[in-house]
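One structure is given here, and the rest of the page talks about it.
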Amino acid sequence: MTDIRAYLKNYGGPPLRLMEVCGTHTAQISRCGIAGMLSPAIRLISGPGCPVCVTVTAYIDRLVELSLEPGTTVLTFGDLLRVRGSRRSLNDARAAGGRVRMVYSPMDSLRIASAAKSGRFVFAAVGFETTAPVYAMLLEEAEQADIRNLRLLTSLKTMPPVIDWICKNQGGIDGFLAPGHVSVITGSRAFEPLSRKYGIPFVVSGFSGEQILASLYALVRRRGKAGVLNLYPSAVTAEGNREAQRAVAHYFAPCDAAWRGMGKIAGSGLALRAPFARFDAGSLGLDDDRSFNPRCRCAKVLTGAVSPPECPLFGGACTPRTPQGACMVSQEGSCYNYFVGGRGSR
Amino acid sequence: MKITMAHGSGGKATSELISEIFAKNFNDPVLDRMEDSAVVPGCAKIAVTTDSFVVTPLFFPGGDIGRLCVCGTVNDLLMSGAQPRYLTCGFILEEGAETGDLQRIAASMASTAKEAGVRIVAGDTKVVEGSGGLYINTAGVGFLHAGAAIGPERCREGDAILLSGNLGDHHAAILSKRMGIENTIRSDCAPLTEMVGRLLAGGVEVHAMRDVTRGGLGTVLNEFASSSGCRMELDEGRIPVSAQVRGFCGILGLDPLYMGNEGKMIAVVAPGGAEKALACMRKSRYGADAAVIGRVGPKGESAVLLKTTVGGTRVVGPLYGEGLPRIC
Numbered sequence: 002m003t004d005i006r007a008y009l010k011n012y013g014g015p016p017l018r019l020m021e022v023c024g025t026h027t028a029q030i031s032r033c034g035i036a037g038m039l040s041p042a043i044r045l046i047s048g049p050g051c052p053v054c055v056t057v058t059a060y061i062d063r064l065v066e067l068s069l070e071p072g073t074t075v076l077t078f079g080d081l082l083r084v085r086g087s088r089r090s091l092n093d094a095r096a097a098g099g100r101v102r103m104v105y106s107p108m109d110s111l112r113i114a115s116a117a118k119s120g121r122f123v124f125a126a127v128g129f130e131t132t133a134p135v136y137a138m139l140l141e142e143a144e145q146a147d148i149r150n151l152r153l154l155t156s157l158k159t160m161p162p163v164i165d166w167i168c169k170n171q172g173g174i175d176g177f178l179a180p181g182h183v184s185v186i187t188g189s190r191a192f193e194p195l196s197r198k199y200g201i202p203f204v205v206s207g208f209s210g211e212q213i214l215a216s217l218y219a220l221v222r223r224r225g226k227a228g229v230l231n232l233y234p235s236a237v238t239a240e241g242n243r244e245a246q247r248a249v250a251h252y253f254a255p256c257d258a259a260w261r262g263m264g265k266i267a268g269s270g271l272a273l274r275a276p277f278a279r280f281d282a283g284s285l286g287l288d289d290d291r292s293f294n295p296r297c298r299c300a301k302v303l304t305g306a307v308s309p310p311e312c313p314l315f316g317g318a319c320t321p322r323t324p325q326g327a328c329m330v331s332q333e334g335s336c337y338n339y340f341v342g343g344r345g346s347r
Numbered sequence: 006m007k008i009t010m011a012h013g014s015g016g017k018a019t020s021e022l023i024s025e026i027f028a029k030n031f032n033d034p035v036l037d038r039m040e041d042s043a044v045v046p047g048c049a050k051i052a053v054t055t056d057s058f059v060v061t062p063l064f065f066p067g068g069d070i071g072r073l074c075v076c077g078t079v080n081d082l083l084m085s086g087a088q089p090r091y092l093t094c095g096f097i098l099e100e101g102a103e104t105g106d107l108q109r110i111a112a113s114m115a116s117t118a119k120e121a122g123v124r125i126v127a128g129d130t131k132v133v134e135g136s137g138g139l140y141i142n143t144a145g146v147g148f149l150h151a152g153a154a155i156g157p158e159r160c161r162e163g164d165a166i167l168l169s170g171n172l173g174d175h176h177a178a179i180l181s182k183r184m185g186i187e188n189t190i191r192s193d194c195a196p197l198t199e200m201v202g203r204l205l206a207g208g209v210e211v212h213a214m215r216d217v218t219r220g221g222l223g224t225v226l227n228e229f230a231s232s233s234g235c236r237m238e239l240d241e242g243r244i245p246v247s248a249q250v251r252g253f254c255g256i257l258g259l260d261p262l263y264m265g266n267e268g269k270m271i272a273v274v275a276p277g278g279a280e281k282a283l284a285c286m287r288k289s290r291y292g293a294d295a296a297v298i299g300r301v302g303p304k305g306e307s308a309v310l311l312k313t314t315v316g317g318t319r320v321v322g323p324l325y326g327e328g329l330p331r332i333c
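These protein sequence lines map, in sequence, to chains A and B. Per this note's numbering, the very first residue in the first sequence carries number 2; after that it's consecutive. Per this note's numbering, the very first residue in the second sequence carries number 6; after that it's consecutive.
Right, here's the structure in full:
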């Protein structure tokens, strides 16, 4: 570990831009103060790894609308409450009489819906490959228990297509810290085509500070070479979790999906299949993405085109207490972590 | 038996509730007089504080709302250097609350008050419509010793920062219970009377004390940094967190630095007093895991810096956002 630390600190090769695309990695890099342990030639960039941050405003607007419909209650994870749509957040909707309840797990929504004597419930189902199997499980139980008052508003996204989009449209990324949790489901092999296509290394990383440092070291050593290295073998295999993949494929089919700041990306989402349409709360076509504050540069931050302090609102009009964009709301957001952790400066 | 609106009417049902549950448990001659106010001996300078308790669930591993509402107020008095003496308590009961629960809560308040060295001398009960909820407000009076001067503005470069034990136990216990997660994590809910008594009597030059409740250690130390104008320097590897809570945090993505506690305190002491202060804490009933977790840095930069276990340094900001609702 001492050698790895020294290597990363003293690296004097060509400048490298390495991207992490997992919100937990983003948070942990900030929590451990890792950016400050690297040579100035190594720059870490946070990609679109936070499911809340990549959600377009039309989706939030739809949730707000649903919460204000008589008899409908929106169930959501806490992170989503403060994210503003084009006009309002779910917290604002709640203050205006909307019905919104925070849950800790999607499975809580089953309990809430089945215990309710009246009313309809909509679960805000955001997430990546990691969370999709939980929604599949939820649907399976809802089917078995014949629960009819619960629907999902889905905003499910998949990682490889958006990495492809970034490499194609943004470029200049020299390697990816592949997402640990996503890889548990997809398997490390999911990143091989991308690695070959762009001739850059991918390293599947665990979540401790040491694991992240080791993965960064591997990325730097493998710079300029294609290949996927799995440094999180205790949880990730090449094929991934087949059972979870099957469950997801049973309920969901790939679809085009809109990402905040990137627009529609072909095949980058998951939508409920036709036989399960009764569980859908109107998830299709929520593509509009108008920022609440037109000066917010979340969109550029998400793709690594600008770093958070380059946004004119950062630290002034936009702080965790007065977030203008989703990246400052979520604890996995790049702007939030930059703000609270002073990333990179020390 | 369930609480009904009649229990809040001020009539017979109210007086039965008061005499059968509160007076019996609290057992104090001043309270028993049932006057409009408690008249008690005082001193030249007193500390006064109040706090309301809305925790859910009412009973949790390691404590209950009764123990919590005594500890919260007692600890606030202690942190100003006062000796807690009297408490008042106001109950707001929702229709449908169980008198059996109330009995358990009153008994828990009584035993905690005894442990903490305070008397419950006045109280009030109201009943509102609802669905069985229960809320308690406590106010406390403490006697200040002449010459006691404790406050975060007194932190100076070189002072040692001590933490009295493991972080996150209360937060994790409440969250586990709410989420139905089975583990053996227990709330740390406790009065710190003995610990503070030892510190102040032990000849240690204490500059600042604060109980680490909502907002967690990160928030408390940011307040210290801005009051004193000094940098607070922490060493992550020395901050005690139990293995079980650490695992729990890992799974849920929580940071122990921002988790609420109900029986933990920070003490900032003059450089030479660190060892003595640590010994005082560790000798106390709730201080076995106490540790020196950092030092006060130079004036000029009001920030909290953490040296991480992997060898990086990061800024620890105050808690932003909601934290966990209804934790105390």
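Positions of the beta carbon are idealized from the N, C-alpha and C atoms, including for glycine.
Item                                                                                                                                                                                                             : Value
Comparing C-alpha positions only, which one of A:Arg6, A:Gly181 and A:Arg298 sits nearest to Gly241 of chain A?                                                                                                  : A:Gly181
Rounding to the nearest angstrom, what Cα-Cα distance links Ala355 of chain A and Gly334 of chain A in this structure?                                                                                           : With chain A covering 2 to 347 only, the question about residue 355 of chain A has no answer from this structure.
Do you know whose CA, among A:Glu144, A:Gln212 and A:Val237, lies nearest Thr187 of chain A's CA?                                                                                                                : A:Val237
Whole angstroms are fine: how far does the CA of Ala308 of chain B sit from the CA of Gly213 of chain B?                                                                                                         : Correcting the residue identity first, residue 213 of chain B is Ala in this sequence and not Gly. Looking at the two C-alpha atoms, the distance is approximately 17 angstroms.
Which residues mark the beginning and the end of the alpha helix (DSSP H) in which Lys269 of chain B is found?                                                                                                   : Where Lys269 of chain B is concerned, there is no enclosing alpha helix (DSSP H), given that its DSSP letter is neither H nor E.
So who's on the other strand from Ala254 of chain A, going by DSSP bridges?                                                                                                                                      : A:Ala272
Using beta carbons (cut-off 8 angstroms, strictly below), is Ser292 of chain A in contact with chain B?                                                                                                          : no
In whole angstroms, what separates the C-alpha of Thr77 of chain A from that of Glu187 of chain B?                                                                                                               : 24 angstroms
Would you mind working out which of A:Ile266, A:Pro134, A:Asp257 and A:Asn150 sits nearest Arg243 of chain A, comparing C-alpha positions?                                                                       : A:Pro134
Helix, strand or coil: which one does DSSP assign to Lys50 of chain B?                                                                                                                                           : coil
Given this structure, state the Cα-to-Cα distance separating Cys160 of chain B from Val274 of chain B, to the nearest angstrom.                                                                                  : 8 angstroms
Residues in the same chain with beta-carbon distance under 7 angstroms from Lys301 of chain A, minus the five sequence neighbours each way, listed in chain order, please.                                       : Gly262 and Val307
Relative to the C-alpha of Ser247 of chain B, which residue among B:Ala115, B:Pro261, B:Leu324 and B:Pro46 is closest?                                                                                           : B:Pro261
With the cut-off set at 8 angstroms, would you say Cys194 of chain B and His176 of chain B are in Cβ contact?                                                                                                    : no
Please report the distance separating the alpha-carbon of Ala179 of chain A from that of Lys169 of chain A.                                                                                                      : 17 angstroms
Per DSSP, Phe124 of chain A is paired with what?                                                                                                                                                                 : A:Leu76 and A:Leu153
Label Gly322 of chain B either buried or exposed according to how many other C-beta atoms from any shown protein chain fall within 10 Å of its C-beta, with 16 as the threshold for buried.                      : buried
State yes or no: is the beta carbon of Gly345 of chain A nearer than 8 angstroms to at least one beta carbon in chain B?                                                                                         : Note that Gly345 of chain A scores 42 on pLDDT, short of 50, meaning its location in the model is unreliable; the coordinates nonetheless yield the value given after this. False, the Cβ-Cβ gap to chain B never drops below 8 angstroms.
So Ser292 of chain A and Thr58 of chain A are supposed to be a Cβ contact under 8 angstroms. How far apart are they, rounded?                                                                                    : 7 angstroms
Compare the C-alpha of Leu83 of chain B against each of B:Asp106, B:Gly105, B:Ala121 and B:Thr104 and name the closest.                                                                                          : B:Ala121
Any C-beta of chain A sitting closer than 8 angstroms to the C-beta of Thr9 of chain B?                                                                                                                          : no
Compare the beta carbon distance of Val79 of chain B and Val133 of chain B with 8 angstroms and say whether it is the shorter of the two.                                                                        : no
Check the Cβ of Arg296 of chain A against every Cβ in chain B and list those closer than 7 angstroms, keeping chain order.                                                                                       : Those do not exist, as Arg296 of chain A stays about 21 angstroms from chain B at its closest Cβ, beyond 7 angstroms.
Looking only at C-alpha atoms, which of A:Gly225, A:Gly173, A:Ala7 and A:Gln212 sits nearest to Tyr233 of chain A?                                                                                               : A:Gln212
Beta-carbon of Gly299 of chain B versus every beta-carbon of chain A: anything under 8 angstroms?                                                                                                                : no
Please return the same chain residues whose Cβ sits closer than 6 angstroms to the Cβ of Arg223 of chain A, not counting the five positions on each side in sequence.                                            : Pro202
Considering Tyr355 of chain A, what are the terminal residues of the alpha helix (DSSP H) in which it resides?                                                                                                   : Summary: the structure shown does not reach residue 355 of chain A, with chain A confined to residues 2 through 347, and so no result is reported for it.
Can you confirm whether the region 108-115 of chain A touches the region 82-93 of chain A when touching is taken to mean that 3 or more C-beta pairs between the two stretches lie within less than 8 angstroms? : no
Return no unless some Cβ of chain A is closer than 8 angstroms to the Cβ of Tyr291 of chain B.                                                                                                                   : no
Of all the beta strand (DSSP E) runs that stay within the bounds of the region 19-67 of chain A, which reach a length of 3 or more residues?                                                                     : 43-47
Using the three-state DSSP reduction, which class does Gly317 of chain A fall into: helix, strand or coil?                                                                                                       : coil
Do Leu172 of chain B and Ala272 of chain B have their beta-carbon atoms positioned less than 8 angstroms apart in this structure?                                                                                : no
Starting from Thr218 of chain B, find everything on chain A with Cβ-Cβ shorter than 8 angstroms and list it in chain order.                                                                                      : Within 8 angstroms Cβ-Cβ: nothing; Thr218 of chain B doesn't reach chain A, min ~20 angstroms.
At the level of alpha carbons, what is the spacing between Val297 of chain B and Pro46 of chain B?                                                                                                               : 39 angstroms
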